[in-house]
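To start, the structure itself, in structure tokens.
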Amino acid sequence: MLIIKLYALISLLIFISTNTFAEDDVSHIYCGQMLDVESEEIIDGVMISVDPKTEKVIEVNSNIQLAALIIFLI
194 MLIIKLYALI
204 SLLIFISTNT
214 FAEDDVSHIY
224 CGQMLDVESE
234 EIIDGVMISV
244 DPKTEKVIEV
254 NSNIQLAALI
264 IFLI
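Under the numbering used here, think of the first position of the sequence shown as 194, with each following residue one higher.
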């Protein structure tokens with residue numbers, strides 16, 4: 194139970210930090226894993242960039258090194 198709460202806290206901190214450092218009016222949302230519906234594969238380390246004004250996805254990046262860097266910064 195403690196481990197689940199710890200992972201939830203880390204996920205919340207990642208979400209807050211990625212949106213706080215956005216200076217270009219783009220929200221960057223980190224998703225630990227994402228399901229690719231077409232290939233039915235799970236992709237690790239997904240970063241989604243969203244324009245908050247139009248609410249459209251600008252970019253999806255699945256660079257695992259980027260995800261590791263974000264976790265390291267926190």
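The C-beta atom is built at its ideal place from N, Cα and C for all residues, glycine as well.
Name the two residues that bound the continuous beta strand (DSSP E) containing residue i.
i, result
"E234", "234–244"
Is residue i helix, strand or coil when you go by DSSP?
i, result
"E252", "strand"
Are the CB atoms of residue i and residue j nearer to each other than 7 Å?
i, j, result
"V230", "I241", "no"
"V239", "S255", "yes"
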